[in-house]
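One point on numbering: in our numbering, the residue at position 95 of the sequence shown is 505, and numbering is uninterrupted. What follows is a single structure, written as C-alpha cells, with notes after it.
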Amino acid sequence: MAITGKNVGKTLRCHYQGTLNDGTQFDSSYDRGEPLEFKCGAGMMIAGFDAAVADMEVGEIKNIHLTPAEAYGEADPKLIFTVPVKELPGSEVLKAGQRVTLTNTYGQPFPVGVKEMDGENITFDANHEMAGKELNFKIELVEIL
Numbered sequence: 411m412a413i414t415g416k417n418v419g420k421t422l423r424c425h426y427q428g429t430l431n432d433g434t435q436f437d438s439s440y441d442r443g444e445p446l447e448f449k450c451g452a453g454m455m456i457a458g459f460d461a462a463v464a465d466m467e468v469g470e471i472k473n474i475h476l477t478p479a480e481a482y483g484e485a486d487p488k489l490i491f492t493v494p495v496k497e498l499p500g501s502e503v504l505k506a507g508q509r510v511t512l513t514n515t516y517g518q519p520f521p522v523g524v525k526e527m528d529g530e531n532i533t534f535d536a537n538h539e540m541a542g543k544e545l546n547f548k549i550e551l552v553e554i555l
C-alpha cells in the first residue's frame with residue numbers, strides 16, 4: 411500500500427488507543443503518558459495507521475477501523491508448529507497463552523505464542539499476536555517535528 415499525504419516523510423508524534431472489536435484495549439500511548447514518535451510512510455507503523463495520519467492536522471483526533479490486511483495481515487497456518495516437549499528442556503512448565511522467545515537454527519531469537527500444551531507436545535504460533543484481527547484506533551496527532 412503506497413502511503414500518500416502531506417505528512418509522508420515527516421516525523422510525527424501521536425497519541426493513540428488501540429482496541430479490538432469487542433472493546434478490549436490492547437495498547438495505549440495515553441496510558442504510558444508519552445506520544446509515539448515515528449516517520450510517516452517509512453514502514454515503521456502498520457499500513458492502515460500510517461495512511462490514517464498521512465493527512466491529519468496537529469490537534470486532530472481520528473477514529474479508524476483496520477482490516478487484518480491493513481494491520482498485521484492474516485494468520486499464516488505455516489507459522490504454527492508442534493515440537494515434542496522432550497526436545498525443549500524447560501518447556502514442560504509452559505502454558506497455553508504464554509508468549510516466549512525461541513531461537514532459530516541461525517541463532518536468531520523469534521517470539522512465539524504457546525497455542526497448546528498436552529504434556530508430550532507443545533504447539534507454538536509464530537504469527538504476530540495481532541495477525542488475523544481487526545483493529546480499532548483512536549489517533550491524536552500531537553506534533554509534527
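Note that CB positions come from ideal geometry on N, CA and C, so glycine has one too. Computed from a predicted structure; not experimentally measured.
Go ahead and pull the three-state DSSP assignment for L504. Looking up residue 504 in the sequence shown gives position 94. Three-state DSSP puts L504 in coil, outside helix and strand.
F459 versus E470 - alpha carbon distance: Here the question's residue 459 lines up with position 49 in the sequence shown. Here the question's residue 470 lines up with position 60 in the sequence shown. The straight-line gap separating the alpha-carbon atoms of F459 and E470 is approximately 14 Å.
Specify, as a first and last residue, the run of the alpha helix (DSSP H) that D441 falls within. Here residue 441 corresponds to residue number 31 of the sequence shown, with the count starting at 1. Start and end: S439 to R442.
Take K525 and list the residues in its own chain whose beta-carbon comes closer than 6 Å to its own, dropping the five residues that flank it on each side. Along the sequence shown, read from residue 1 onward, the residue named residue 525 stands at position 115. T533 and D535.
Using CA coordinates, which residue listed in N431, G443 and V468 is at the minimum distance from L555? Position 145 of the sequence shown holds residue 555. L555 has its Cα closest to that of V468, out of N431, G443 and V468.
Determine the direct distance from the alpha carbon of L504 to that of N514, and round the result to whole angstroms. For the purposes of this step, residue 514 is taken as residue 104 along the sequence shown, with counting starting at 1. For the purposes of this step, residue 504 is taken as residue 94 along the sequence shown, with counting starting at 1. Their Cα atoms are separated by approximately 19 Å.
Can you tell me whether G453 is buried or exposed, with buried defined as 16 or more other CB within 10 angstroms of its CB? As a working note, residue 453 is residue 43 in the sequence shown. Under this definition G453 is an exposed residue.
Alpha-carbon spacing of Y390 relative to V552, whole angstroms: Since the first residue shown for the chain is 411 and the last is 555, residue 390 is missing from the structure and cannot be characterised.
In chain order, what residues of the same chain lie with their CB nearer than 6 Å to the CB of E550, ignoring the 5 residues before and after it? In the sequence shown, residue 550 corresponds to position 140, counting from 1. Excluding positions up to five away in sequence, the list reads H425 and I471.
Would DSSP call D528 helix, strand or coil? Along the sequence shown, read from residue 1 onward, the residue named residue 528 stands at position 118. In the structure shown, D528 sits in coil (DSSP, three-state: anything other than H, G, I, E or B).
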